[in-house]
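Chemist:
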Amino acid sequence: MTDIPGSRLTLVVDQPTPSARHRLPPREQAKALRLLRTLGLEADTPPELVLAWLERRDGGCSLPEAARQIGLGNWLGITTSLADLTQNLARFEAAYALDSVLDSLTTLVEQSPPESR
0 MTDIPGSRLT
10 LVVDQPTPSA
20 RHRLPPREQA
30 KALRLLRTLG
40 LEADTPPELV
50 LAWLERRDGG
60 CSLPEAARQI
70 GLGNWLGITT
80 SLADLTQNLA
90 RFEAAYALDS
100 VLDSLTTLVE
110 QSPPESR
């Protein structure tokens, strides 16, 4: 059992946490949480679930499976429907991908010589 800092949730983890290779770096976690708040999804979508899903999605983990792995399986359907949560995460994922592309473009522009801009 583990307490989540800044949250009233205690997670009961029945599977190991993702390996260090899959864990989101702190900067990516902060970006994900900022986007969640910006989109107004934080009230209906637990940040812990979003982070767990982002860490596991490359391995083909579904949203309900991520919820079960971090101990929120019973939360689905009580607070919000799976369809609503899936729609929220689709909006979040699109914004997250766009933000990542914009970050990459900014980095490329900053690294290119002034004469090529």
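Counting in numbering that gives the first Met the number 0, the sequence shown runs from 0 upward without gaps.
Even glycine gets a Cβ: it sits at the ideal position worked out from N, Cα and C.
1) Which class does Ala29 belong to by DSSP, given the choice of helix, strand or coil?
2) For Ala65, count neighbouring Cβ atoms within 10 angstroms of its own Cβ and tell me buried if that reaches 16, exposed if not.
3) Relative to the C-alpha of Glu92, which residue among Ala31, Arg26, Arg67 and Pro25 is closest?
4) State buried or exposed for Glu109, treating a residue as buried only when at least 16 other CB atoms are found within 10 Å of its CB.
5) Rounded to whole angstroms, what is the Cα-Cα separation between Thr85 and Val100?
Modeler: With the structure as the only source:
1) helix
2) buried
3) Ala31
4) exposed
5) 22 Å
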